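Read the structure below first, then the notes.
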Amino acid sequence: MPVITKKPHVLVVPFPQTGHMVPHLDLTHQILLRGATVTVLVTPQTSPYLDTLRSLHSPETLKTLTLPFPSHPLIPSGVETLQQLPLQALPYMFEALSRLHDPLVDFISRQPPSDLPDVILGSSFLSPWINKVADAFSIKSICFLPINAHSIYTMWGQEDRSFFDELETCTTESYGVVINTFYELEPEFVESVKTRYMTHHRVWTVGPLLPVKAGANRGEQSSIPPEKVSAWLDSCPEDNSVVYIGFGSQIRLTAEQTAALAAALEKSGVRFIWTVRDAAKKVNSVEDDNEDVIPVGFEERVKEKGLVIRGWSPQTMILEHRAVGSYLTHMGWGSVLEGMVGCVLLLAWPMQADHFYNTTLLVDKLRAGIRVGENKDSVPDPDELAKVLAESVKEDLPERVRLMKLREKGVEAIKKGGSSYNDLDDLIAEMKISKCGKENV
Ligand code: AWU
């Protein structure tokens, strides 16, 4: 007879990269609202990600376990997140994080029975060692995926599975998976993940995961006071007249791409906000040293039309503002969902990883976006891009209409009684049942 744990104690182990941590902590907020007690494993540099959650939940229900980041010969000391490194450093990050296994097992072993976690909710698809920690204490390891079902289906269906093989294995070996998507967006792919890969139905679709607090920092402090950005947007008289340009936390454009984009913005005449990653934040950059360099004189020439934010922008606030009508994006999944919820037209310039799968889903299959760039090496033609930018802020584009319909389904999914809301309830119910029926207090 399974034992019901009244308030499950969930150990959350996020992957230290903004695009993974932000939705993972949005999910953590949802399970805290449903009565769970949570301990989040961080290292010193990722502990600030919890500040917004700490302002919303008591230290009795939201606890922090801070462990030192394990050193690695190919990761400069002081670096603890992937966005500070080029994507090529991912294997080194895997190796470093796997050395959290022993200190985490040691920490759990020293807890009184009443403080033992009942379940781990981790990024085991990028940290296989998490499943091993769960096995050591005979508790469930539930894997959180900040990507969508179509990406999972595509990655695991590929011929060359060298990179994905281990990711798939440790995900399918977990007790179940939580996906930041909504069933109505991609039913055929959600069903495939259930039947073809997980071979069970412990697949919970809980998205779109929204910011826990409107206007809160997501990942880093905004480089410009958010109120200054919103005042700039408030000064734009027409709704949907502004293009937002942002490429997430991992991508930096080359100087050539930056110049082409600047030329297109100038030619288009559109109003815009452009977030340019702070090159100084990158460690051991393997990219062009003069990356992300805004052409001299550009900002002066466009100062009546555009706002350049160097570093980090209050992205969700921007995307939700009435003045913003389109979003030139790298198609990182969290940003795509934020653009959809913000009712903006997606202008897709996929760069790496799942960005291509997200573009196939949204642009090619659902026809709810427009492709404007090919990959991280392509350089757009300024004249062609200028035309697309000018066109993108017209309200009647068919792609925008289709995106709005998807948005309605996503908003319904997270409302009480919706598919994502119900899956969150089911997830909590599953967390309350211990894996082997042992007595949980
Ligand atoms: P986003 O989904 O854009 O993630 P990335 O930063 O691109 O990182 C994984 O996310 C993908 O699978 C990977 O391919 C990779 C990864 N933000 C902000 O508030 N201000 C800024 O200036 C820039 C970003 C926020 C943004 C979003 C998050 C980035 C899932 O793409 O609002 O919440 O940072 O998410």
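Numbering (full-length UniProt numbering), first residue to last: 1 to 441. Don't be surprised by glycine CBs; every beta carbon is placed ideally from N, CA and C. Computed from a prediction, not measured in an experiment: that's the story for all the values here.
Check, Outcome
"Own chain residues within Cβ distance below 8 Å of residue 324, not counting five before or after", "233, 240, 242, 243, 244, 273, 318, 342, 344"
"Inter-residue Cα distance where the pair is residue 70 and residue 367", "44 Å"
"Same chain only: Cβ atoms within 6 Å of residue 97, ignoring 5 sequence neighbours per side", "127"
"Supposed contact pair residue 28 and residue 40 - C-beta distance, whole angstroms, cut 8 Å", "7 Å"
"Proximity of residue 139 and residue 435 at Cβ, strictly below 7 Å", "yes"
"Heavy atom of the ligand AWU within 6 Å of residue 275 beta-carbon", "yes"
"Distance cut-off 6 Å: residue 61 Cβ against heavy atoms of the ligand AWU", "no"
"Contained beta strand (DSSP E) runs [length at least 3] in the stretch 36-108, N- to C-terminal order", "37-42, 62-66"
"DSSP-derived helix/strand/coil call for residue 251", "coil"
"Alpha-carbon to alpha-carbon, residue 256 and residue 430", "51 Å"
"Any C-beta of chain C under 7 Å from that of residue 55", "Absent here is chain C; the protein component of the structure consists of one chain."
"Residues near residue 62 by beta carbon distance below 7 Å, same chain, minus five either side", "32, 38, 53, 54"
"Classification of residue 351 by the beta-carbon crowding that lies within 10 angstroms, buried from 16 upward", "buried"
"Residue 171 CB to nearest heavy atom of the ligand AWU below 6 Å", "no"
"DSSP bridge partner residues for residue 309 (one or two, in chain order)", "275"
"Heavy atom of the ligand AWU within 6 Å of residue 349 beta-carbon", "no"
"Proximity below 7 Å, CB of residue 192 to CB of residue 314", "no"
"Span of the alpha helix (DSSP H) around residue 214", "Per DSSP, residue 214 belongs to no alpha helix (DSSP H) and is neither H nor E."
"CA-to-CA distance, residue 393 to residue 188, given in whole angstroms", "32 Å"
"Cα-Cα separation between residue 385 and residue 160, rounded to whole angstroms", "34 Å"
"Inter-stretch contact at 8 Å, needing at least 3 Cβ pairs: the stretch 260-271 / the stretch 389-407", "yes"
"Bounding residues of the beta strand (DSSP E) (the contiguous stretch that carries residue 346)", "345-348"
"In chain order, each beta strand (DSSP E) run of at least 3 residues that lies wholly inside the stretch 311-388", "324-329, 345-348, 369-371"
"Residues near residue 379 by beta carbon distance below 7 Å, same chain, minus five either side", "256, 257, 260"
"Exposure of residue 195, with buried meaning 16 or more beta-carbon neighbours within 10 Å", "exposed"
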